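Notes to accompany the following structure.
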Amino acid sequence: MTSQQYDAILARLYEEGIQPAPGLELEVCYGSGDKMKVSVLFDSQEAFDAFGARLAPILEEMKLDPGAPEFLEVHNVIRRGL
């Protein structure tokens, strides 16, 4: 995915009221060129699943295949100013 594709997806998510997604704690887009990646932190698997169900049709419409998500258990999160 390119940064332009990510920005287009994000714009659609905001236009349709999907972002900020309920339960979303953090989203980071990183990388360069056509190798951009996104990591998200949700407060529950259910919140992620609900977001994914709304994201999938947008990705399909844009002909983008996100691949299979990788799920990792979070041990700790440190935030400045909270």
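Everything in the sequence shown is counted per the working numbering, starting at 258 for the first residue and increasing by one.
All C-beta atoms, glycine included, are put in the ideal place defined by N, C-alpha and C.
Please read these numbers as outputs of a predicted model, since none were measured by experiment.
Starting from residue i, trace the beta strand (DSSP E) in both directions and tell me its first and last residue.
i	result
Leu281	281-287
In chain order, what residues of the same chain lie with their CB nearer than 8 Å to the CB of residue i, ignoring the 5 residues before and after it?
i	result
Asp205	Outside the shown range of the chain (258 to 339) lies residue 205, about which nothing can therefore be said.
Hey, residue i and residue j: beta-carbon distance below 8 Å or not?
i	j	result
Glu282	Phe299	yes
Gln261	Leu321	no
Gly280	Ala313	no
Looking at the secondary structure, which residues open and close the alpha helix (DSSP H) in which residue i lies?
i	result
Phe299	Taken as a continuous stretch (DSSP letters only), Phe299 belongs to no alpha helix (DSSP H), being part of the beta strand (DSSP E) at 294-299.
Phe305	302-318
Ala265	260-272
So, for residue i: in the same chain, excluding its five sequence neighbours on each side, which residues have a beta-carbon less than 7 Å away from its beta-carbon?
i	result
Arg311	Ile275
With a threshold of 16 other CB atoms inside 10 Å of the CB of residue i, please say whether the residue is buried or exposed.
i	result
Ala278	buried
Ile266	buried
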